Amino acid sequence: MDGTFPIDSLRCIQDHPERGSCSGAVISADNVLVCQTCGFRYPVVRGVPVFRSERWQFTDTWFEEMYAGRSRITELESTYLVGERRFMAEFAEERGLEGPCLEIGCGTGLFAETVPQYIGLEYSLESLFARGFESFDRLCGDARSLPLADESMECVFSFNTLEHVAELEQAFEEIHRVLKPGGALVLKPAWHCTRYVTELIPVLPYRELNARQKIVKALLPLIRSKPYKMLTRVPWRIQRWLTQRPNNPLSWGRLTPYHGEAWVADADAASSIDCHESILYFTSRGYQCHSHPTTLRQLLAGHDIVVLEKPARDGSRFPQRDSVDPPVMALIQNS
Ligand SMILES: [Zn+2]
């Protein structure tokens, strides 16, 4: 294993029937990692520590096949996530990030050079073996059980990944746990994935659909229109915002991912995440939302990158939550 790995931040993810979560410190010994508390040994495969939890049963290996034999060098030349990569590099520069910076769902590590002290976490072991990714700190693990100590990361970021995580609230809890006070969070999953896409309704012919799906297909031009989305989303968001409480629970939708032959964007999503709801989850825990600083902008959030900042421990670093915007009050009064 690379000597620069921030080994102090690793922690055990085992659950014990009588004691609950172990969370013991994990240290390196003879090419395995050993928990100092429960003695569990985590394998290190080709330089990658493997932290797969038994708690989240994993049966689907379709993406291991998909990721096998990939090259980071080739993928870096593509335009995939190129704007997002530039965004992270500028963000790290502007904020003067020092790290460690954790990427959740790093794939073949396209963001590895954009932030200092990069750690790439990915469920697919094959993608971590990608050519050209060997010299970076990589972890095979699950967003729902991060193998990292509490408050150990200066920045956590994730692009196009969280929509693949079922039990989404668990992943959010873990992000909140590992972020340092004053740490930065950058989120950009595929927001608002839908059941009609995972059911392939837009691409399947009518004869292959049941009665409900046929109706949905006929209504797609309406369902996909911006006014319809806003009319269905915004009242719900206002209601969520009005009834929020400290440490607001996350509301999200479970989807059945499609892993078949046809390629349809986001048909492989396991959860539907609302951008405003995600912001609310963190602002109700004291975070400052830098990307959407006013309540109105949060309520109207679309498919945006969300930037949040965890409150510093003394609570004095950031101002209190925004007060209610007058336009939002008008919206509420008219609804
Ligand atoms: Zn342990």
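Every letter in the sequence shown is one number past the one before it in the numbering used here, and letter 68, counting from 1, is 70. C-beta atoms are modelled at their ideal positions from N, C-alpha and C, and glycine is treated no differently. Only a predicted model underlies this, so the values are computations on that prediction, with no experimental measurement involved.
For residue i, count neighbouring C-beta atoms within 10 Å of its own C-beta (all shown protein chains included) and say buried if the count is 16 or more, exposed if not.
{"i": "ALA332", "result": "For ALA332, the predicted model reports a pLDDT of 41, less than 50, meaning its position is unreliable; a value from the coordinates is still stated below. Classification for ALA332: exposed."}
{"i": "ILE106", "result": "buried"}
{"i": "PRO191", "result": "buried"}
{"i": "GLN16", "result": "buried"}
{"i": "ILE217", "result": "exposed"}
{"i": "ALA220", "result": "exposed"}
{"i": "HIS278", "result": "buried"}
{"i": "ASP268", "result": "buried"}
{"i": "ASP32", "result": "exposed"}
{"i": "SER25", "result": "buried"}
{"i": "CYS40", "result": "exposed"}
{"i": "PRO328", "result": "Any answer about PRO328 is weak, because its pLDDT of 40 lies below 50 and its placement is not dependable; what the coordinates show is given next. Result: exposed."}
{"i": "TYR208", "result": "exposed"}
{"i": "SER80", "result": "exposed"}
{"i": "PRO149", "result": "buried"}
{"i": "ARG185", "result": "It is Gly, not Arg, that sits at residue 185 in the sequence shown. The residue is buried, with at least 16 neighbouring Cβ atoms inside 10 Å."}
{"i": "GLU210", "result": "exposed"}
{"i": "ALA213", "result": "exposed"}
{"i": "ARG239", "result": "buried"}
For a quick check, are the C-beta atoms of residue i and residue j less than 9 Å apart?
{"i": "LEU83", "j": "ASN162", "result": "yes"}
{"i": "PRO102", "j": "SER11", "result": "yes"}
{"i": "ALA132", "j": "THR110", "result": "yes"}
{"i": "VAL236", "j": "LEU141", "result": "no"}
{"i": "GLU175", "j": "GLU100", "result": "no"}
{"i": "ARG13", "j": "VAL28", "result": "yes"}
{"i": "HIS166", "j": "ALA272", "result": "yes"}
{"i": "ARG87", "j": "PHE113", "result": "yes"}
{"i": "SER147", "j": "ARG57", "result": "yes"}
{"i": "LEU164", "j": "ILE275", "result": "yes"}
{"i": "SER293", "j": "VAL308", "result": "yes"}
{"i": "LEU310", "j": "LEU123", "result": "no"}
{"i": "SER280", "j": "LEU252", "result": "yes"}
{"i": "VAL158", "j": "LEU104", "result": "yes"}
{"i": "VAL34", "j": "PRO19", "result": "no"}
Relative to the alpha-carbon of residue i, which residue among the options has its alpha-carbon at the smallest distance?
{"i": "ASN249", "options": "GLN38, HIS278 and TYR289", "result": "TYR289"}
{"i": "LEU195", "options": "ASP270, TYR208, ARG242 and SER160", "result": "Here the sequence assigns Cys to residue 195, which means Leu is not the residue at that position. Out of ASP270, TYR208, ARG242 and SER160, ASP270 has the C-alpha closest to the C-alpha of CYS195."}
{"i": "PHE89", "options": "GLY255, TRP254, PRO251 and LEU189", "result": "LEU189"}
{"i": "GLY143", "options": "GLU128, VAL117 and GLU210", "result": "GLU128"}
{"i": "THR63", "options": "VAL309, LEU298, TYR125 and GLU77", "result": "TYR125"}
{"i": "GLY98", "options": "LEU104, GLY85, VAL117 and ASN33", "result": "VAL117"}
{"i": "TYR69", "options": "GLN119, SER280, GLY184 and CYS108", "result": "CYS108"}
{"i": "GLU77", "options": "LEU123, PRO45, ASP268 and GLY134", "result": "GLY134"}
{"i": "LEU282", "options": "GLU96, SER25 and THR245", "result": "THR245"}
{"i": "THR258", "options": "TRP193, ARG239, ALA168 and ILE225", "result": "ALA168"}
{"i": "ILE225", "options": "PRO251, ARG197 and GLU210", "result": "ARG197"}
{"i": "GLU171", "options": "PHE284, ASP139 and ASP306", "result": "PHE284"}
{"i": "SER55", "options": "ILE240, ARG256 and ALA145", "result": "ALA145"}
{"i": "GLU67", "options": "LEU130, SER227 and TRP238", "result": "LEU130"}
{"i": "LYS312", "options": "PHE159, PRO295 and PRO183", "result": "PRO183"}
{"i": "ASP306", "options": "PHE53, SER160 and TYR260", "result": "SER160"}
{"i": "THR296", "options": "TRP243, TYR260 and HIS18", "result": "TRP243"}
{"i": "VAL36", "options": "VAL52, ARG21, SER23 and GLY22", "result": "VAL52"}
{"i": "TYR339", "options": "TRP254, GLN119 and PHE65", "result": "Because residue 339 is not part of the residues shown, which for the chain are 3 to 337, the question remains open."}
{"i": "TRP254", "options": "GLN215, TRP193, SER227 and GLU115", "result": "TRP193"}
query = Taking three-plus beta-carbon pairs below 8 Å as touching, is the segment 231-243 in contact with the segment 286-304?
reply = Taking 8 Å as the limit for Cβ pairs, the verdict is that the segment 286-304 does touch the segment 231-243.
inquiry  = Taking 6 Å as the limit, name every residue whose beta carbon sits nearer than that to some heavy atom of ligand 1, in sequence order.
reply    = Every residue passing the under-6 Å Cβ criterion appears here: CYS14, GLN16, CYS24, GLY26, CYS37, THR39, CYS40 and PHE42.
request  = Kindly confirm or deny that the segment 137-153 and the segment 179-198 touch, where touching means at least three C-beta pairs closer than 8 Å.
outcome  = These segments touch.
ask   = Can at least three beta-carbon pairs, one atom from the segment 256-273 and one from the segment 193-206, be found at a separation below 8 Å?
value = Segments in contact, yes.
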